[in-house]
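I have placed the structure first, in the form of structure tokens, so that the comments after it can refer back to it.
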Amino acid sequence: MSSSTYSIKDAEASGRFAHGFELNTYNISTGARSSRAAVAPYYLRSGHEKAAAGGGGVLTSARDMSIWVSMLLNNGRHLDTNETIVPEEVVNHAATGVTVDSAIASYPELVSNPLQAPTLYGSGQRIYSYRGHEIIEHGGSIMGFKSQVTRYPNDNLAIVVLSNDFNAGLLAEAVKRRITDEIFGLSPIDWDTRYSS
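Residue numbers (the UniProt record's numbering): 1 to 197.
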């Protein structure tokens, strides 16, 4: 994971530092709304970087996220060396639901088994079923950025959606669902229409 860092200076120096955007911004001073895309700085001001940092302050790349999720799918072991990076017990514990987040599926018609309908939550991750496939996922957002890390552990698949548009939540969900449907050969669903209604 050669691109991941906690240092904003190192990330900016790499030349691959993404700027976040915020659409439909709201000016607190005037109360006016604007549809202009504005650059949202990653940090509020120099020296206060942790004030708006997500994920423990980690700055990363799509390539490094693919290494991370591969390790999780491999029960905490490095994919190439088989070295333990995170103990398997920790990976399993973090993916264990401890409370019911939602007792009813968002789209009940897509759940093949009614007993898999509830969404469970534990250790920052949601666990649920989508069209017969178990999902473990964690999403996050900070000003200007959204992320969604979704694992299908029984299918040895992970999908990571990263966006530098804070308002891209439903778009990220639609992208994730569309990719999922395509990979598993499921009949396509018009997620744009579903999320628009």
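Here a beta-carbon is modelled for each residue, glycine too, at the ideal position from N, C-alpha and C.
Check: What is the residue span of the beta strand (DSSP E) that His151 lies within?; Outcome: At residue 151 the sequence reads Arg, which differs from the His that was named. Phe145 to Tyr152 is the span of the beta strand (DSSP E), which, as asked, contains Arg151.
Check: Secondary structure at Thr81, three-state DSSP: helix, strand or coil?; Outcome: coil
Check: Are Ser123 and Val98 close, meaning C-beta to C-beta below 9 Å?; Outcome: yes
Check: By DSSP, does Leu73 sit in helix, in strand, or in coil?; Outcome: helix
Check: Whole-angstrom Cβ separation of Asp64 and Ser3, contact assumed at under 8 Å?; Outcome: 5 Å
Check: Going by other Cβ atoms of all chains shown within 10 Å of its Cβ, with 16 needed for buried, is Ser187 buried or exposed?; Outcome: exposed
Check: As a quick exercise: from Pro153, Asn164 and Ser196, pick the residue whose alpha carbon is nearest that of Ala174.; Outcome: Ser196
Check: Is the distance from the Cβ of Arg151 to the Cβ of Leu79 below 9 Å?; Outcome: no
Check: Judging by CA-CA distance, which residue of His133, Ile142, Ile104 and Ala94 is the nearest neighbour of Gln125?; Outcome: Ala94
Check: Taking Thr119 as part of the beta strand (DSSP E), name the residues at either end of that continuous run.; Outcome: Thr119 to Gly122
Check: Exposed or buried, what is Ile136 when buried is set at 16 or more other beta-carbons lying within 10 Å of its beta-carbon?; Outcome: buried
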